[in-house]
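In my numbering, the protein residues as written are 234 to 812.
Every residue, glycine too, gets a C-beta built ideally from N, C-alpha and C.
Listed below in structure tokens is the structure:
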């Protein structure tokens, strides 16, 4: 944030809530209608929207909200498309298999130049067993559809990017995605500045406003002005949509979308970000960086890992003097090659952390794009007569950073600071320099639990002698909570109300003491009566680290049998309290 809040028109309202709620608090003011089918971890978004509709909430256009829950996610995508075609500001909410199920419908939404926003609680797919937790499989499953794609690293970004996404969609006439990490952001309660209703009214306006047509191609279709959200289905002006095209015309209509629509998204996104900054003082860019300008090494990622990486970078610079920075890929589609090329130029090493694995691909999704950008930058530098890619930087061979690719956090596997430190150490001249690795798991345990496990591991290593080297660990796991922070861990039993108790305690600390908070349950598939865990942190300054809290000041356990199944004192600080 570059501007003082007191100097901007809409500084935001200080609140504490989770990412799902942050999305709906904005959608309920801006949007007219939603079509959605519930799927974890985005279910709450649809539920909260339905609640607002049932209460008769009126949005900034003074319209009651419309909610349609059809028989599945594929139908929900069709419903949302239909709502958008009638000129309404529309939204959808989904995750995981729901995104895969609606995949086919998304292409058509783009081709029809619809303007709705798909809010995703990013979730792992069933690649071995079912998992309902965080993963970026669903996000990357649709990166070929033509939707523009944003990713929020925390609840503040969820709220702001949701509003900005509607602005981009309505300028570019292209639907968009705003994603957040399932559970790790969707269900994490934290402090943020909630965008005001008046801000949303001024920034987005009404769907039926007449606006200046923003691009030349749109002027050919609509003239100098057009409805903010075009009415493709209008009983007073009926047209045919979704027609069948033969060999002579289909390719023409597909290819034409690149110069006439897609190529404008970058400039319209930058415009939307700048307009939002002028009103709020909160600046967003397609790529955001932290301490990257003077860095020799970079960590690049999307989602909640970015905040943790920023804290680790501060620690590494302070304790070891290694110049490390962080790159937050806010926008994945269209890929911000122009910005990436400039930021990465001349760095010694770049580690790309991705919350998924695609073993049969040469590279993971972000790494593929990064490598393509670097190749084009080299072409620019090696061509003496012309610049093949005018918007990109020019590289000499010495400008190319070494690239490293790490998989982490699949299924919400916890990533401690140790893992990020390991990724940094791997890049250093005296590091392992592994090009592809996994964080926070062990293929081979250093200390087997049992003699039988030792025998299994020996047979595995005999057959796969290099498998242990796929995993990377850091040399330390520091406590990176801010000064004055209080960390609490609950041990309870499913069905005993620990989640509600934890939320109430967090909000009490927030309301009475004005503390910054982060509070979230470690959700799992355990049934009622099984052990559960809840984490809470409160501090007088922002809490940036996103992980399970190993170093805790207080352990609360209403479960009388806690020591039969859990080491409840693990990580309890000296002088800490067990209740």
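Quiz item: If we count Cβ pairs, one from each stretch, closer than 8 angstroms, do we get three or more for the segment 518-533 versus the segment 393-411?
Solution: no
Quiz item: Would you say the segment 610-617 touches the segment 639-659, given that touching needs at least three Cβ pairs under 8 angstroms?
Solution: no
Practice problem: Might you give, ordered along the chain, the residues of its own chain that have their beta carbon closer than 8 angstroms to the beta carbon of residue 508, omitting 5 neighbours on each side? | Solution: Closer than 8 angstroms at the Cβ level, and outside the excluded window around residue 508, lie 400, 436.
Self-check item: Other residues of its chain near residue 462: CB distance less than 8 angstroms, five sequence neighbours each side excluded
Solution: 317, 320, 321, 322, 348, 403, 440, 441
Practice problem: Put residue 555 into one of helix, strand or coil per three-state DSSP. | Solution: coil
Exercise. Take the Cβ of residue 420 as the centre, count every other Cβ of all protein chains shown within 10 Å, and call the residue buried at 16 or more, exposed below.
Key: buried
Quiz item: Sorted by chain position, which residues of the same chain lie with C-beta nearer than 6 angstroms to residue 568's C-beta, five sequence neighbours on each side aside?
Solution: 602
Quiz item: Beta carbon of residue 579, beta carbon of residue 496: below 8 angstroms?
Solution: Against a cut-off of 8 angstroms, the Cβ pair of residue 496 and residue 579 comes out as no contact.
Quiz item: Grouping DSSP H, G and I as helix and E and B as strand, with all else coil, what is residue 778?
Solution: coil
Self-check item: Separation of residue 360 from residue 371, as counted between CA atoms
Solution: 12 angstroms
Quiz item: For residue 513, which three-state DSSP category applies?
Solution: In the three-state reduction of the DSSP assignment, residue 513 falls in the helix class.
Self-check item: Separation of residue 704 from residue 679, as counted between CA atoms
Solution: Rounded to whole angstroms, residue 679 to residue 704 spans 12 angstroms at the Cα level.
Self-check item: Contact test: residue 482 Cβ vs the ligand SAH heavy atom, cutoff 7 angstroms
Solution: Absence of the ligand SAH is noted for the structure shown, with no ligands found whatsoever.
Quiz prompt | According to DSSP, residues forming a beta bridge with residue 413 | solution = DSSP links residue 413 through a beta bridge to 354.
Quiz item: Can you tell which of 729, 658, 700, 779 has the C-alpha that lies nearest to the C-alpha of residue 720?
Solution: Closest by C-alpha distance to residue 720, out of 729, 658, 700, 779, is 779.
Quiz item: Do the segment 307-317 and the segment 331-341 meet, that is, are 3 or more Cβ pairs less than 8 angstroms apart?
Solution: yes
Quiz item: In whole angstroms, what separates the C-alpha of residue 559 from that of residue 538?
Solution: 10 angstroms
Quiz item: Cα separation between residue 763 and residue 735?
Solution: 17 angstroms
Exercise. May I have the straight-line CA-CA distance separating residue 498 from residue 456, to the nearest angstrom?
Key: 19 angstroms
Quiz item: Cα-Cα, which of 692, 766, 658 is closest to residue 550?
Solution: 658
Self-check item: Start and end residues, alpha helix (DSSP H) containing residue 433
Solution: 430-437
Exercise. Would you check if the segment 416-433 and the segment 381-393 touch, i.e. whether three or more CB-CB distances between them fall below 8 angstroms?
Key: Cβ pair count under 8 angstroms is three or more, so yes.
Practice problem: Assess, as a yes-or-no matter, whether the segment 238-251 is touched by the segment 264-276 under the definition of 3 or more beta carbon pairs within less than 8 angstroms. | Solution: no
Quiz item: Can you tell me where the beta strand (DSSP E) with residue 521 in it begins and where it stops?
Solution: 521-523
Quiz item: How long is the line joining the alpha carbons of residue 296 and residue 572, rounded to whole angstroms?
Solution: 40 angstroms
Quiz prompt | Alpha-carbon spacing of residue 514 relative to residue 248, whole angstroms | solution = Going from the Cα of residue 514 to the Cα of residue 248 covers about 17 angstroms.
Quiz item: Quick one, are the C-beta atoms of residue 486 and residue 387 less than 8 angstroms apart?
Solution: no
Quiz item: Quick one, are the C-beta atoms of residue 413 and residue 252 less than 8 angstroms apart?
Solution: yes
Quiz item: Of the choices 432, 272, 343, whose alpha-carbon is the least far from that of residue 260?
Solution: 432
Quiz item: Quick one: Cα of residue 693 to Cα of residue 675, how far?
Solution: 13 angstroms
Quiz prompt | For residue 276, the three-state DSSP class (helix, strand or coil) | solution = helix
Exercise. Let me know the secondary structure DSSP gives residue 491 once reduced to three states.
Key: Three-state DSSP puts residue 491 in a helix.
Quiz item: If we call anything under 8 angstroms between Cβ atoms a contact, is residue 650 one with residue 715?
Solution: No Cβ-Cβ contact shorter than 8 angstroms links residue 650 with residue 715.
Exercise. Going by DSSP, name the residue or residues bridged to residue 764.
Key: 726
Self-check item: Sufficient close CB pairs (3 or more, under 8 angstroms) joining the segment 342-357 to the segment 462-479
Solution: yes
Practice problem: Compute the Euclidean distance between the alpha carbons of residue 628 and residue 614, then round it to the nearest angstrom. | Solution: 5 angstroms
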